Amino acid sequence: MGFDLVAGSAHRPYAAPPSVPTILVFDSGVGGLTVFREVQKARPDARFVYAADNAGFPYGALSEPALAARVQAVMERLIALHAPSVVVVACNTASTLVLPHLRAAFDIPFIGTVPAIKPAAAMSFSKSFTVLATPATVARDYTRDLIEAYAADCRVNLVGSRRLAAFAEAELAGRPVPDAELRAEMAPCFVEEAGRRTDVVALSCTHYPLLLGRMKLLAPWPVMWIDPAPAIARRVTQLIGPPVVGHEPGEDEAVAVFTGATGLGPDLRRALSDRGLPGITVEEMPLRGE
Ligand code: DGL
C-alpha cells in the first residue's frame, strides 16, 4: 500500500487552503483611512485597495439620487479594475443610502459604516448624546430609524457639520485649520439642558477621527467619543475569517486609488505613505453635474 499524499484522501476530507482576500476600502476622501487602519490590523495578510473618490468630495453635499448614481459608477469601475473579495464602504454618507443598491448590483459582500447610535445610547449615562455627521447623514431616514429603534429613551442631538470633513482633509494635507474654527464647528455637539449634559459623541463621518486628538483638547467638557472603525474591522473578520497564517503581504499589496489628481500634494502623499499606502494611482472620474 502506498502513501496517499493527496489532500482529500478518504482519511482527511480536503479543505481548500484559505485564500488571501483583496479588501477594497472606499470613501469620498481620506476619512476611510481611519477604517483602513483598523481593518489592516485585523487582516494584515490581505491585499488592500484604498479608494478615495476625491473628485466627488464632499459626498455630504450631493443630493440622494446624485450620490447613489455616483457611488454605483465609481464602484463599477473599481470592482472591474481590482476584483475585490469584499468592499468596505468606509463612509456613513454613502452607507446610509446606497448599501442595498450595491448589494443588489454586485455579487460580493459589502460592509458599511453607519452611525453608532445603539452603542451611544448604551454608553450614555446622562441619556443625552450627540451624533456628529455630515448634513446628509443626519437627514437620512436610516439615521432617524436607528434613533427610533435604539435611542427612544435618549435626547439625541443631531449635528450635521458642513465643514468638518474638509477640515480633516486639510489636516492630512498639512494645512490644519486654526483651533478657533474647529472649536466653533464642534460647539453644537455640547448641550447642557435641565441639568443634563451630553456625555457621548458618536463620530458618524469617517473623516472626523482624524481630528479626534484636537477635538478632545478643544471640548468644553470631557465626553466619550465613539470611533466606529474597530467595530467595522471586527465585522470584516466575522465575514471573511481570521488572517491567513504565513502570508506576508509585499509593499505593493496596498495601493491607494484617487479619482482625481487635484490636491495630491507632498504632505498628503507622505501621510498616505506613513499609513502603509506608498503608491497612489489616479483613476480619473470627473464629477459631471451629478
Ligand atoms: N467620510 C464620509 C462619511 O463618513 C463623508 C465625507 C463627505 O462629505 O464626503 O460620511
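Mapping of the sequence shown onto our numbering: residues 10 to 299, in sequence order.
We treat Cβ as the ideally placed atom computed from N, Cα and C, and that holds for glycine.
Note that the structure is a prediction, hence the values are computed from the model and not measured.
Where residue i falls: helix, strand or coil (DSSP)
i: aspartate 150; result: helix
i: phenylalanine 12; result: In this predicted model, phenylalanine 12 has a pLDDT of only 36, less than 50, meaning its place in the structure is not dependable enough to derive any value.
i: glycine 17; result: Low per-residue confidence applies at glycine 17: pLDDT is 35, beneath 50, and the placement is therefore not dependable, though the value from the model is reported in the following sentence. In the structure shown, glycine 17 sits in coil (DSSP, three-state: anything other than H, G, I, E or B).
i: leucine 212; result: strand
i: isoleucine 120; result: strand
i: methionine 233; result: strand
i: valine 254; result: coil
i: serine 28; result: coil
i: glutamate 178; result: helix
i: phenylalanine 311; result: In the structure as shown, the chain begins at 10 and stops at 299. Residue 311 is therefore absent and cannot be evaluated.
i: alanine 280; result: helix
Pick from the options that is closest to residue i, judged by C-alpha positions
i: valine 29; options: Pro144, Thr143, His256; result: His256
i: leucine 277; options: Thr31, Ala177, Met294, Leu167; result: Ala177
i: aspartate 283; options: Arg112, Leu42, Asp36; result: Leu42
i: isoleucine 156; options: Val186, Leu33, Ala203, Val140; result: Val140
i: glycine 269; options: Asn63, Glu73, Leu191; result: Asn63
i: proline 307; options: Arg46, Ile32, Tyr59, His216; result: Lying before the first or after the last residue shown, residue 307 is absent from the chain, which here runs from 10 to 299.
i: serine 133; options: Leu33, Leu226, Val232, Pro53; result: Val232
i: alanine 60; options: Ala211, Arg171, Val83; result: Val83
Counterpart residues of residue i in DSSP-defined beta bridges
i: asparagine 166; result: Thr139
i: glycine 288; result: Val264
i: alanine 60; result: Phe35, Val266
i: arginine 205; result: Glu202
Test: residue i CB closer than 8 angstroms to a CB of chain C
i: leucine 87; result: Protein chains in the displayed structure number just one, and chain C is not present.
Range of the contiguous beta strand (DSSP E) that encloses residue i
i: valine 97; result: 95 to 98
Unbroken alpha helix (DSSP H) run spanning residue i, endpoints
i: valine 245; result: 238 to 249
i: methionine 132; result: 126 to 132
i: threonine 271; result: It is not in any alpha helix (DSSP H) - threonine 271 carries neither H nor E in the DSSP assignment.
i: valine 107; result: 101 to 114
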